[in-house]
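The opening residue of the first sequence carries number 425 in the numbering used here; numbering runs sequentially from there.
What follows is a short report on a single structure.
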Amino acid sequence: MNNTVPTPTDFIREMIREDIRSSRYGGRVHTRFPPEPNGYLHIGHAKSIVLNFSIAEEFGGLCNLRFDDTNPTKEEARYVEAIKEDVRWLGFDWQERLYFASDYFEQMYQYAIELIKKGKAYVCDLSPEEIRRYRGTLTEPGRESPYRNRSVQENLELFERMRAGEFPDGSRTLRAKIDMRSGNINMRDPVMYRIIRAEHHRTGKKWCIYPTYDFAHPISDAIEGITHSLCTLEFEDHRPLYDWFLRELGLHHPRQIEFARLNISHTVLSKRKLKELVDGGYVSGWDDPRMPTIAGMRRRGYTPKAIRDFCRRIGVSKRDNLVDVSLLEYYIRTDLNKTAMRVMGVLRPLRVVIVNYPEDRVEEMDAINNPEDPSMGTRKVPFSRELYIERDDFREEPPEKFYRLAPGREVRLRYAYFIRCVDYVKDDDGNIVEVHCTYDPETRGGNAPDGRKVKATLHWVSARHAIKAEARLYDHLFLTPDPEASEDFKDFINPHSLIVLDSCMVEPSLKDARPGDRYQFERLGYFCVDKDSTPERPVFNRIVTLRDTWAKIEKSQKKG
RNA sequence: UGGGGCGUCGACAAGUGGUAAGUCAGGAGACUUUGGAUCUCCCAUUCGGAGGUUCGAAUCCUCCCGCCCCAGCCA
């Protein structure tokens with residue numbers, strides 16, 4: 425796969441290398457990405473996807489896509505489609521290995537019977553409330569269920585009747601018989617099966633009992649011949665249970681390895697909180713371009729490559745982490761710098777009249793499409809007497825280090841002429857509404873024959889040729905780096921995370937822009953045509969700004 | 001005060017007893033028809049702390065401190 429980040433070395437790859445050396449799985453490597461189809465994927469999942477698929481590729485192995493669909497009350501078919509699309513878009517291919525835990529329900533049932541026969545599982549009649557009380561606490565051991573010592577025969581009959589639908593939801597469970605005194609609460613006779621009468625998105629009404637994650641996951645891994653089962657840190661406590669099931673059942677035994685989940689500054693990365701943002705109307709939906717979801721980032725204009733490179737660069741470890749968003753932004757800039765077509769667009773237009781330029785004249789200026797890639801060629805941009813420039817590029821009273829246009833100042837219009845400000849017009853409120861300039865005909869194309877230099881080059885657009893457009897400027901969703909650390913993460917929502925500008929003026933070549941197309945608006949940032957865009961009203965999402973040295977200077981000036 | 005993990009630069013993260021990689025961020029400069037890109041340089045005498053072992057410790061030992069996860073018939 426095309427990545428600019430070198431192959432990582434991390435503790436997981438090291439362990440796998442060791443397993444290959446010792447021929448633990450006959451030198452085989454087989455991983456899996458096991459999402460639950462209960463919501464949208466986000467960049468935290470991307471970390472896991474990239475990890476699992478890359479490792480398989482690096483070691484000549486395979487990676488399965490498996491839906492962990494063991495809880496019909498939370499899962500929906502539409503999520504499996506969305507997830508498949510996201511994984512594919514990220515650039516990964518599971519080939520014919522698309523699996524569902526629900527495909528294994530019958531086998532899991534048989535394995536459960538096997539455990540019952542071995543005296544390692546029993547049907548328990550305790551209510552959820554009672555189970556909790558019997559479980560004990562973090563510091564006190566649990567007590568054994570009064571149903572723990574039923575006969576194998578009775579357990580077999582009861583379990584069969586559970587499956588047959590003879591008992592109400594929640595009235596009984598099948599539990600593993602392990603150790604109610606274990607310091608690890610997961611080993612205190614965990615539930616393997618519960619009764620749930622809900623329509624499953626794949627198996628429909630076939631089942632009314634469903635295996636829990638703890639029972640289903642190791643068996644699914646075993647059935648698929650997985651060698652390395654990678655998951656996040658919170659499952660570390662479950663590993664003894666994972667191992668217990670596989671050992672008791674004598675099945676193929678993959679190695680579970682846990683790594684730290686991803687956190688990114690100025691956003692949240694938990695399904696619950698993301699859902700709260702959607703449901704609370706703080707964003708427009710799961711694919712709002714401000715969301716760290718794969719769908720949101722795709723709409724924003726992020727490229728799969730940028731996300732992959734980011735995921736490789738952050739590495740894999742077991743430490744809690746909070747990765748700076750600027751690293752993500754670095755990768756999208758780096759990718760787009762090489763590939764994005766340059767174009768001129770004015771976000772906040774200020775009218776400029778070239779007083780010594782003929783009214784009816786129009787010139788076609790040659791502009792380079794991408795200075796990083798000459799093969800992208802050039803294009804013509806119309807120039808005329810009346811133009812728009814960026815409001816930020818003119819100052820009546822220029823501060824220190826402001827190089828742009830100001831009364832009496834000369835600057836360059838990119839690919840056009842040097843112009844000098846000779847006058848400006850204000851409205852009754854004192855707002856500058858128009859700037860008058862003269863141009864130097866000798867500087868056509870942007871160079872002065874006399875070797876004269878200017879300190880600034882401005883982007884511009886010809887007023888009568890410009891296309892009016894909407895721009896959506898996005899900023900971080902949260903004002904604090906770590907909103908999750910606060911009492912209520914919503915306290916720090918950035919009220920200006922979206923600014924809509926509806927009177928932008930862009931160069932005419934953009935009439936052919938189609939949703940999904942990405943451009944660099946010179947001096948401003950990278951933009952992506954939104955799906956809301958129409959030929960009459962183009963809409964551009966700002967993916968990320970360009971690095972802005974002047975903004976930095978201005979900020980430090982304000983601080984004093 | 002049960003069990004399981006983790007502590008190396010502002011943020012990620014290498015390092016596996018031989019004298020602290022790299023990346024982002026930040027700073028300085030060069031170059032520049034994007035204050036973009038590119039290039040150069042700077043940015044941990046120190047690895048949570050204290051002892052100890054050793055010629056030599058981020059790496060080994062001991063004790064301490066801090067942070068995270070677990071008491072769903074969620075995953």
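Note that CB positions come from ideal geometry on N, CA and C, so glycine has one too.
These numbers were taken from a predicted model, which means no experiment stands behind them.
Under the rule that a run must span 4 or more residues, the alpha helix (DSSP H) segments found entirely inside the segment 655 to 703 read 663 to 673, 695 to 703.
Relative to Thr717, the option among Ala506, Tyr848, Ala545, Asn427 whose CA is nearest is Ala506. Between the segment 741 to 750 and the segment 476 to 488, the count of Cβ pairs shorter than 8 Å is below three; the stretches do not touch. The Cβ atoms of Tyr943 and Met715 do not sit closer than 9 Å to each other. Taking C-beta separations shorter than 7 Å and ignoring five residues to either side along the sequence, the partners of Ser644 in its chain run Arg490, Ala525, Tyr528, following chain order. Within the same chain, and ignoring the five residues on either side of Pro678 in sequence, the residues whose Cβ sits closer than 6 Å to its Cβ are Asp645, Ile650, Thr651, Ser653. Contact between Trp513 and Pro664 does not hold, since the beta-carbon distance rounds to 37 Å and is not under 8 Å. For Ser886, the secondary structure class from DSSP, reduced to helix, strand or coil, is strand.
Spatial neighbours of Asn610 in its own chain (CB-CB distance under 8 Å, excluding positions within 5 residues in sequence) are listed in chain order as Asp638, Asp661, His662, Pro664, Leu665. Spanning the alpha carbons of Arg896 and Val835 requires a straight line of approximately 28 Å. Proximity to Leu901 across Ala909, Phe913, Arg938 peaks at Phe913, based on C-alpha coordinates. The beta carbon of Thr758 sits closer than 8 Å to the beta carbons of Thr428, Ala730, Asp733 from its chain, once the five residues preceding and following it are set aside; these are given in chain order.
Rounded to whole angstroms, the gap between the alpha carbons of Asp510 and Val749 is 21 Å.
Listed in chain order, the non-local C-beta contacts of Lys935 below 7 Å within the same chain comprise Ile891, local neighbours out to five positions each way being set aside. The distance from the Cβ of Trp631 to that of His624 is about 7 Å, consistent with a contact at the 8 Å cut-off. Scanning its chain for C-beta atoms nearer than 7 Å, with the 5 sequence neighbours on each side dropped, one finds around Arg452 the residues Gly485, Thr651, in chain order. Annotation: the continuous alpha helix (DSSP H) that includes Met586 extends over 576 to 587.
Under the criterion of beta carbons closer than 8 Å, Arg775 and Glu820 do not qualify as touching, at roughly 15 Å.
Listed in chain order, the non-local C-beta contacts of Tyr781 below 7 Å within the same chain comprise Arg809, Tyr863, local neighbours out to five positions each way being set aside.
Nearest neighbour of Gly594 by Cα position, chosen from Ser575, Glu960, Met616, turns out to be Met616.
Counting the other CB atoms within 10 Å of its CB gives Asp956 a total below 16, which places it among the exposed residues.
Boundaries of the alpha helix (DSSP H) around Phe477: 467 to 482. Looking at the DSSP output, Asn965 sits in a beta bridge with Arg896, Cys952.
In the structure shown, Asn610 falls within a helical segment according to DSSP collapsed to helix, strand and coil.
For Lys804, the three-state secondary structure derived from DSSP is strand. Annotation: the continuous beta strand (DSSP E) that includes Arg942 extends over 942 to 945. Annotation for Tyr503: the continuous alpha helix (DSSP H) segment containing it runs 501 to 513. Using a Cβ distance threshold of 9 Å, Leu882 and Glu814 count as a contacting pair.
Judged by DSSP in its simplified three-state form, Tyr523 adopts strand.
In the DSSP assignment, no residue is bridged to Asn871.
Only residues of its own chain outside the window of five on either side were considered, and among them Thr904, Phe916 have a CB closer than 8 Å to the CB of Ser910, listed in chain order.
For Val849, the pairing in a beta bridge is given by DSSP as Glu858. The beta carbon of Ala470 sits closer than 7 Å to those of Leu514, Ile718, Ile731, Cys735, all from its chain and outside the five residues before and after it, given in chain order. Under the DSSP assignment, Leu760 falls in the alpha helix (DSSP H) whose first and last residues are 749 to 763. Under the 8 Å Cβ criterion, the segment 543 to 555 counts as touching the segment 587 to 603, having at least three qualifying pairs.
Look at Met616 here: in three-state DSSP terms it is strand.
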